[in-house]
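Residue numbering for the sequence shown follows the working numbering, starting at 69 and increasing by one per position.
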Amino acid sequence: MKSIEVTTLKKWREEKREHQLIDVREPWEVEVGNINGLHIPMHELLDSIEKIRRDIPVVVHCRSGVRSAAVVHHLTLQLGYEDVHNLQGGIEAWSQKIDGNIEVA
């Protein structure tokens, strides 16, 4: 499974490198704090699969990286996606290493 460090994602954003960021947390978690990804709760993934692009890198995140790892595994092994990355440490790592103003539920 591919993964990406929060520092690398920050660099991609600064360089305006094309990618899709997907937040698989629950709605109440996203309300507390988010990093502007497309919100698709984990339990709604299959109903929203058409929203996930295949033509650019996809980065999936959750609170700590566990749920997003399961989603990345499913997207790659079950659905044939190729360029999908798990954000290591999730939004917790983003808050700790990149932007301490982001609150985490």
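Glycine residues also receive a C-beta, built at the ideal position from the N, C-alpha and C atoms.
- Cβ contact annotation for Ser-71 (same chain, cutoff 7 Å, sequence separation greater than five): His-153, Asn-154 and Gln-156, in chain order.
- Contiguous beta strand (DSSP E) elements confined to the segment 100-163 occur at 126-129 and 152-155, taking only those with 3 or more residues.
- The segment 115-122 and the segment 132-139 do not touch, with fewer than three beta-carbon pairs separated by less than 8 Å.
- If you draw a 10 Å sphere on the C-beta of Gly-158, you find 16 or more other C-beta atoms in it, and that means buried.
- Counting of Cβ neighbours within 10 angstroms places Ala-173 among the exposed residues, the total staying below 16.
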